[in-house]
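Just so you know, we're using the numbering used here here: the sequence shown kicks off at 5 and counts up by one. Some notes on the structure that comes next.
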Amino acid sequence: MAANAGSMFQYWKHFDLQLLQRELDATATQLANRQDESEQSRKKLIDQSRDFKKNTPEDVRKQVAPLLKSFQGEIDALSKRSKEAEGSFLNVYKRLIDVPDPAPVLELGQQLQQKLQRMHDIETENLKLRETLEDYNKEFAEVKNQGESLSQTNTMAGEGRKERGVPDTVEYFL
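What follows is the structure, encoded as structure tokens:
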């Protein structure tokens, strides 16, 4: 899981959500400006087509009418497509513009996972040290018991030698 948090943090760090939000904001502003410009251009085209109908002889208008209708149909289709694309963009923009950047929280999560792993390692080491200490204490108790037994044996041997009249020192043999 530590690798997951680390890779997620790296992904969001490189993703740079704040930069994306600034770019989306700039694009939204440009779209709003272009929408206003397009509306003005469309009104101007409508006025020009009215002037054309008023000032052009009827036979010319009849010849040009299919071409104008084709242009009008294409402009309407482009306008519809543009509005749908802009609407989709603005929907995404509205959802992303105020989303908090998860990178700092993921970084904190990664740090906490690293600390947790260190604590686990220390706990494992502590357990091993306790087991080693317990083994040493058992060994010490056995050595102490052996020492007491040896001391008792020496005491008993010394008393037995005294009863038999055997000297305690090696000088007896010299």
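By construction, the Cβ of each residue, glycine as well, lies at the ideal position given by its N, Cα and C atoms. Quantities reported herein were computed from a predicted structural model and do not represent experimental measurements.
Here the C-alpha atom of Leu49 lies approximately 19 Å from the C-alpha atom of Asn37.
When the beta-carbon positions are compared, Gln121 and Ala9 stay at least 8 Å from each other. Exclusion of the five residues before and after Tyr97 leaves Leu28 and Ala32 as the residues of its chain whose Cβ lies within less than 7 Å of its Cβ.
Residue range Glu62 to Leu100 is occupied by the alpha helix (DSSP H) that includes Val64. Segment contact: the stretch 104-111 against the stretch 9-20, three or more CB-CB distances shorter than 8 Å; contact assigned. Following the DSSP letters along the chain, one finds Asp55 inside the alpha helix (DSSP H) bounded by residues Leu21 to Asn59.
A distance below 8 Å between beta-carbons, with the five flanking residues on each side excluded, links Val103 to the following residues of its chain, in chain order: Leu21 and Gln25. DSSP places Val147 within a helical segment (H, G or I) once states are collapsed to three. With a beta-carbon spacing of about 12 Å, Lys73 and Arg65 fall beyond the 8 Å limit used to define contacts. The DSSP-derived three-state label of Pro108 is helix. It is roughly 53 Å from the alpha-carbon of Lys132 to the alpha-carbon of Arg99. Rounded to whole angstroms, the separation of the alpha carbons of Phe93 and Arg85 is 12 Å. Around Met12, the same chain offers Leu110 as residues with beta carbons nearer than 6 Å, after the five sequence neighbours per side are excluded. Straight-line measurement puts the Cα of Asp125 at about 20 Å from the Cα of Glu138.
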